[in-house]
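Chemist: For the sequence shown, UniProt numbering gives the first residue as 1, with consecutive numbering after it.
For each residue, glycine too, the CB sits at the ideal point set by N, CA and C.
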Amino acid sequence: MDLCFLGWELGLLEKRVRTVERRLERRMLRDTKNAYELPRNEFMDIFRLSPELSMYLTNTLRPFLQREHNYGIPVEIQVLVAVKLYAKGSYQRATGDNFDLNVSQPSVSRCLHAVTDAINNNLLRQWVRFPMTNLERNNAREEFCNAPQPFEGAIGAIDCTYINILASKDHEEAFVNHHGNHSLNVQAAVSPKLKILNINARYPGARNDSYIWSTSPIRRAMEFHYNKGERHTWLIGDSGYPLEPWLMTPLPHYREGTRQFKYTMKHCKARNIVERFFGVFKSVWRCLYYQRVLMYAPDMAGKIVNACAVLHNMRIHYRIPIDVENIENGNNDEYAIRNFQQNEDEIAERGGPRAVAMRIQKQILQNWFHGYIDGDA
1 MDLCFLGWEL GLLEKRVRTV ERRLERRMLR DTKNAYELPR NEFMDIFRLS PELSMYLTNT
61 LRPFLQREHN YGIPVEIQVL VAVKLYAKGS YQRATGDNFD LNVSQPSVSR CLHAVTDAIN
121 NNLLRQWVRF PMTNLERNNA REEFCNAPQP FEGAIGAIDC TYINILASKD HEEAFVNHHG
181 NHSLNVQAAV SPKLKILNIN ARYPGARNDS YIWSTSPIRR AMEFHYNKGE RHTWLIGDSG
241 YPLEPWLMTP LPHYREGTRQ FKYTMKHCKA RNIVERFFGV FKSVWRCLYY QRVLMYAPDM
301 AGKIVNACAV LHNMRIHYRI PIDVENIENG NNDEYAIRNF QQNEDEIAER GGPRAVAMRI
361 QKQILQNWFH GYIDGDA
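1) Under the three-state reduction of DSSP, which class applies to Gln363: helix, strand or coil?
2) Do Arg259 and Asp374 have their C-beta atoms closer together than 8 Å?
3) Check whether the Cβ atoms of Val293 and Arg48 sit closer than 8 Å, and answer yes or no.
4) Can you give me the start and stop residues for the beta strand (DSSP E) that Cys160 sits inside?
5) Hey, out of Ala189, Leu251, Asp117, whose CA is closest to Met300's CA?
6) What is the DSSP secondary structure of residue 407, counted as helix, strand or coil?
7) Does the Cβ of Arg315 have 16 or more other Cβ atoms within 10 Å, making it buried, or fewer, making it exposed?
8) Do three or more CB pairs link the stretch 226-239 to the stretch 156-173 at distances below 8 Å?
9) Whose CA, out of Pro242, Pro131, Lys193, lies closest to the CA of Ile322?
10) Would you kindly check if the distance between the Cβ of Asn185 and the Cβ of Arg220 is under 8 Å?
11) Would you mind listing the alpha helix (DSSP H) stretches within the UniProt domain "DDE Tnp4" (158-313) that are 4+ residues and don't spill past its ends, in chain order?
12) Let's see if you can read the secondary structure: which residues bound the alpha helix (DSSP H) around Phe144?
13) Starting from Arg40, trace the alpha helix (DSSP H) in both directions and tell me its first and last residue.
14) Have a look at the DSSP bridge pairing and note the partners of Ile373.
15) Using the three-state DSSP reduction, which class does Val68 fall into: helix, strand or coil?
16) DSSP on Met28, reduced to helix/strand/coil?
17) How is the alpha helix (DSSP H) around Asn122 delimited, first residue to last?
18) Assuming His182 and Ala167 form a contact by the criterion Cβ under 8 Å, report the distance between their Cβ atoms to the nearest whole angstrom.
19) Helix, strand or coil: how does DSSP classify Asp97 here?
20) Go to Ile77, then tell me how far its alpha helix (DSSP H) extends in each direction, as first and last residue.
21) Tell me whether Asn34 sits in a helix, a strand or coil according to DSSP, three-state version.
22) Exposed or buried, Gln187, counting other C-beta atoms within 10 Å across all chains shown (16 or more means buried)?
23) Compare the Cα-Cα distances from Tyr318 to each of Asp45, Pro63, Ser50, Glu142 and report the closest residue.
24) Measuring straight from C-alpha to C-alpha, what distance separates Gly89 and His232?
25) My assumption, with CB atoms under 8 Å, is that Ala140 sits in contact with Ser191. Please give the rounded CB distance.
26) Out of Arg202, Arg125, Leu85, Glu152, which one is the CA nearest neighbour of Thr161?
27) So Pro131 and Pro245 are in contact, right, with Cβ under 8 Å, and what is the actual spacing, rounded?
28) Excluding the 5 residues flanking Gln361 on each side, which residues of the same chain have their C-beta closer than 7 Å to its C-beta?
29) Check Ser54 in the structure and name its three-state DSSP category.
30) Which residues in the same chain as Leu65 place their Cβ atom closer than 8 Å to its Cβ, once the five residues preceding and following it in sequence are excluded?
31) How many Å lie between Asn227 and Gly180 at the Cα?
32) When the distance is taken between beta carbons, is Gly240 closer than 8 Å to Asp209?
33) Are the CB atoms of Lys262 and Phe369 within a distance shorter than 8 Å?
34) Does the CB of Tyr226 have a neighbour CB from chain D at under 8 Å?
This is how it looks when you write it as structure tokens:
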């Protein structure tokens, strides 16, 4: 009996010694192998940020990630672990086993949650801002007027995309989108330079674009400015959205040569920036890629989307080149058109904001395309 107990104690002691040795080995590797010593191109390929931007992010988050004791994971490593997972989309074990970081899987999980929360709580509102002041909105309109595909009066293009996630334990059916996948339906408004003006990653995949827009803070902001007397200012969205005085949508199904056809072509070319944005966004931050599944619960998945949005805008601000090709984002615009296209006469008879929006849209047709005839859908 004593021998058995002694054998058990020795086995436990050996296990503890091996654990301590592994921790010392990982600390030695972290201390001797510095990711910032990598060639610049290799660093940017791994982390999607320049070394300078990565260090800026680290120093900004340091007050929120620094631990009182001196034997925890350095803030530099915490940030790089999380950013690498955003960028590569690899699962935690693969990220942690990388020689440049040398962090255990449980530590990877803690780093990811800590960094993601820190970005959401302290950087999101600073780096993702919808134009609200007169100066900001004037600058946004001017940017659209001078864009390669201009649309006068627009301050942003809006759309939704699916981000595949782990099946939720609660209300699982709410997260199944019309493709049959578990997902979030993420709404974004972007500028012609692909800067994110607003990101909304709170809604499950079964919610359609129109519903998400109807509850969106930026819809309330647009309506507020309109009611205060602002005119000739709108977002542009596809046919999944309702036509409103502050939201211009296309007029599909009109024959070529008509005002409506020319308007829709101009609208679609200008709105293409949001499709391009989703392609770039998912190509840079591969954890969001449409063929992957973000292996987290909806709340954490939404926070990861937000964190990637902050880093995306940082890349835009610091002019890190966009060198990825546009990719399919998994949305189905035909589905949106088929389900949300509305009859103009019925809208006009109802009155209200939609009738006002139709009059605004018709005025745009007459002012911009006065050399063309009106068409019948």
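Modeler: The structure says:
1) In the structure shown, Gln363 sits in a helix (DSSP, three-state: H, G or I).
2) yes
3) With contacts defined by Cβ atoms closer than 8 Å, Val293 and Arg48 do not form a contacting pair.
4) 154-164
5) Asp117
6) The structure shown does not extend to residue 407, since the chain is modelled only from 1 through 377, so no value can be given for it.
7) buried
8) yes
9) Lys193
10) no
11) Along the length of the UniProt domain "DDE Tnp4" (158-313), whole alpha helix (DSSP H) runs at least 4 residues long occupy 209-214, 217-227, 259-284, reported in chain order.
12) 134-145
13) Run containing Arg40: 40-47, per the alpha helix (DSSP H) assignment.
14) Thr258
15) In the sequence on display, residue 68 carries Glu and not Val. It is coil, neither helix nor strand.
16) Confidence at Met28 is low in this model, with a pLDDT of 42, below 50, so the placement of that residue should be treated as unreliable; the coordinate-derived value is given next. When DSSP states are grouped into helix, strand and coil, Met28 belongs to the helix group.
17) Boundaries of the alpha helix (DSSP H) harbouring Asn122: 105-122, taken from the DSSP string.
18) With a Cβ gap of about 5 Å, His182 and Ala167 count as contacting.
19) Per-residue confidence for Asp97 stands at a pLDDT of 45, beneath the threshold of 50, marking its modelled position as unreliable; the derived number appears in the next sentence. When secondary structure is reduced to three states using DSSP, Asp97 falls in the coil class, being assigned neither helix nor strand.
20) 75-88
21) coil
22) Buried, because 16 or more other Cβ atoms sit within 10 Å of the Cβ of Gln187.
23) Ser50
24) 41 Å
25) 7 Å
26) Answer by Cα proximity: Arg202.
27) Their Cβ separation, rounded to whole angstroms, is 17 Å, which puts Pro131 and Pro245 out of contact at 8 Å.
28) Leu243, Met248
29) helix
30) Val75, Gln78, Val79, Ala114, Val115, Ala118
31) 40 Å
32) yes
33) yes
34) No chain D appears in the structure shown, which is made up of a single protein chain.
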